[in-house]
Amino acid sequence: MSDVEVPVLIVGGGGAGLTASMLMSQFGIDSLLVSAWPTTSILPKAHVLSQRTMEIFREVGIADAVYAVSTPAENMRATAWYAGLAGPNDNYGRQIGRLEAWGAGYTDPDYVAASSCRTANLPQIRLEPIMRSRAETLAGPDRVRFNHDVVSFEQDDDGVTAQVLDKQTGEQYSVRCRYLLGCDGGRTVGKQLGVQMDGVRNVMHMVSGVKSSPFVAGQPGRRPIKGPTSYQKVGHRPDPAVPDRRWSCRLRSRSPRRRCVWQYLHNRRPGLPGLFGFPARRSV
Ligand SMILES: Cc1cc2nc3c(=O)[nH]c(=O)nc-3n(C[C@H](O)[C@H](O)[C@H](O)COP(=O)(O)OP(=O)(O)OC[C@H]3O[C@@H](n4cnc5c(N)ncnc54)[C@H](O)[C@@H]3O)c2cc1C
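First residue of the sequence shown? That's 1 in my numbering, and the numbers climb one at a time after it.
Laid out in structure tokens, this is it:
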């Protein structure tokens, strides 16, 4: 006899698992989601939400909440490239190029005709808490469990029995389900089933940082990058600490309070010192 019986066990609480949970609830199918990490993503990671994604979010009831905190449409008309952010002379912050993007802020007739939902821009660090909250509401009490790790599972003719570790209490319990959804980013379920990953792996190591600040307003004597209609401002400067490497900085969103969310992406070798004054342990 299993400790928990449920039609569908969802393994993983990232974008895939949380979407699956919300959709299951919408279809009236009882599910249990377990996710190994204690929280949703602590990294910004992906950010552009396509029109189709926003249609699905509308169906599960979170589109308005996402639009409310994501980049305003008028700021999503283009992507622009700059020579750095700001600096002591006029070369810093100079615009190098600009390209219309994302349906020009939902003004391109083809984009408007394609869907009643416009593209949105919200990094995973901000999006996943909205998804988690909605999944918890729709699925019911104790049906979305973070910090719970699937340590093993066995399949038979009628379904799957999984062993789940509650990492807070240290207790292990079994879950019997008809279907197990592997939404764990390929970490556990696929491996145990013997699914192989094809292709090149470990292409690069990426440092990802996120900062919320009002510094688009600039500093005296410096020339900050400007142009609120471009959604993504990519600044490239060589990093003196890492020859032949560069970093880029992207403006992800602009809130009504005029604060900006900046994401730093930086490819580098492991073991180098921290970035932008952060100690190495925070530069993961
Ligand atoms: C720095 C960075 C930048 C990125 N930028 C982009 C981008 O610009 N565009 C883009 O499309 N994509 C981007 N990605 C990729 C994107 O983030 C992933 O494709 C996406 O998060 C995958 O979602 P997922 O739900 O499948 O898996 P994940 O988000 O990886 O979630 C997996 C979940 O499974 C859980 N889990 C793992 N093992 C177990 C287990 N044994 N038991 C229970 N739970 C388990 C974890 O706790 C986690 O919640 C980026 C990724 C990174 C790291």
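For glycine and all other residues, C-beta sits at the position ideal for the given N, C-alpha and C.
Inter-residue spacing [alpha-carbon to alpha-carbon] between residue i and residue j
i, j, result
"VAL11", "SER31", "11 angstroms"
"LEU43", "MET22", "22 angstroms"
"ASP3", "CYS177", "11 angstroms"
"LEU193", "ALA36", "19 angstroms"
"PRO38", "PRO141", "17 angstroms"
"THR137", "ARG145", "13 angstroms"
"SER41", "THR79", "25 angstroms"
"GLN163", "TYR179", "14 angstroms"
"TYR111", "GLY159", "43 angstroms"
"ASP64", "ALA16", "20 angstroms"
"SER208", "GLY103", "27 angstroms"
"SER174", "VAL210", "38 angstroms"
"GLN95", "PRO88", "16 angstroms"
"ASP156", "GLY170", "27 angstroms"
"ASP108", "VAL195", "42 angstroms"
"ALA113", "LYS191", "42 angstroms"
"LEU9", "TRP81", "44 angstroms"
Cutoff 8 angstroms; reference residue i; Cβ partners in own chain excluding five residues on either side
i, result
"VAL66", "LEU49, MET54, PHE57, ALA120, LEU122, LEU127 and ILE130"
"LYS167", "ALA36, PRO38, ASN147, HIS148 and ASP149"
DSSP state of residue i mapped onto helix, strand, coil
i, result
"TRP37", "coil"
"ASN121", "strand"
"PRO129", "helix"
"GLY17", "helix"
"SER152", "strand"
"VAL4", "strand"
"ILE10", "strand"
"ARG94", "coil"
"MET24", "helix"
"GLU171", "coil"
"GLN163", "strand"
"GLY140", "coil"
"VAL216", "Interpretation of VAL216 is limited by its pLDDT of 48, a score under 50 that renders its predicted location unreliable; no figure is taken from the coordinates."
"THR53", "helix"
"ARG176", "strand"
"ALA80", "strand"
"LEU43", "coil"
"VAL195", "coil"
"VAL60", "helix"
"VAL112", "helix"
"VAL48", "strand"
"GLY190", "helix"
Option nearest residue i by Cα separation, candidates the options
i, options, result
"ALA83", "ARG77, GLY97 and THR71", "GLY97"
"ARG77", "ASP90, GLU100, THR19 and ARG145", "GLU100"
"VAL6", "ALA16, GLY17, LEU33 and GLY15", "LEU33"
"ARG143", "GLY15, ALA16 and MET24", "MET24"
"SER115", "GLY105, ARG132 and ARG52", "ARG52"
"GLY61", "VAL8, PRO88 and SER133", "SER133"
"VAL69", "HIS47, GLU59 and PRO88", "HIS47"
"GLY13", "ARG187, LYS191 and MET206", "ARG187"
"THR71", "ALA113, ALA135 and GLY105", "GLY105"
"GLU59", "ALA135, TRP81, ALA113 and LEU9", "ALA135"
Contacts around residue i, its chain only, beta-carbon distance under 6 angstroms, and the 5 residues preceding and following it disregarded
i, result
"VAL189", "VAL11 and GLY182"
"PRO228", "Model confidence at PRO228 stands at a pLDDT of 44, short of 50, so the residue's coordinates are unreliable and nothing is read from them."
"GLU154", "THR161"
"THR19", "none"
"LEU165", "ASP149, VAL151 and GLN172"
"PHE45", "In the sequence as displayed, the identity of residue 45 is Lys instead of Phe. So the list reads GLN124, once near-sequence residues are dropped."
"ASP184", "VAL11 and GLY12"
"ALA139", "SER21 and SER25"
Test: residue i CB closer than 9 angstroms to a CB of chain D
i, result
"PRO7", "Structure shown: chain D not included; a single protein chain is present."
Cut-off 7 angstroms between Cβ atoms - residues of its own chain near residue i, not counting five sequence neighbours on either side
i, result
"VAL203", "none"
"ALA73", "GLY105, TYR106 and ARG118"
At least three beta-carbon pairs within less than 8 angstroms, the segment 23-30 to the segment 184-199: The segment 184-199 and the segment 23-30 do not touch, with fewer than three beta-carbon pairs separated by less than 8 angstroms.
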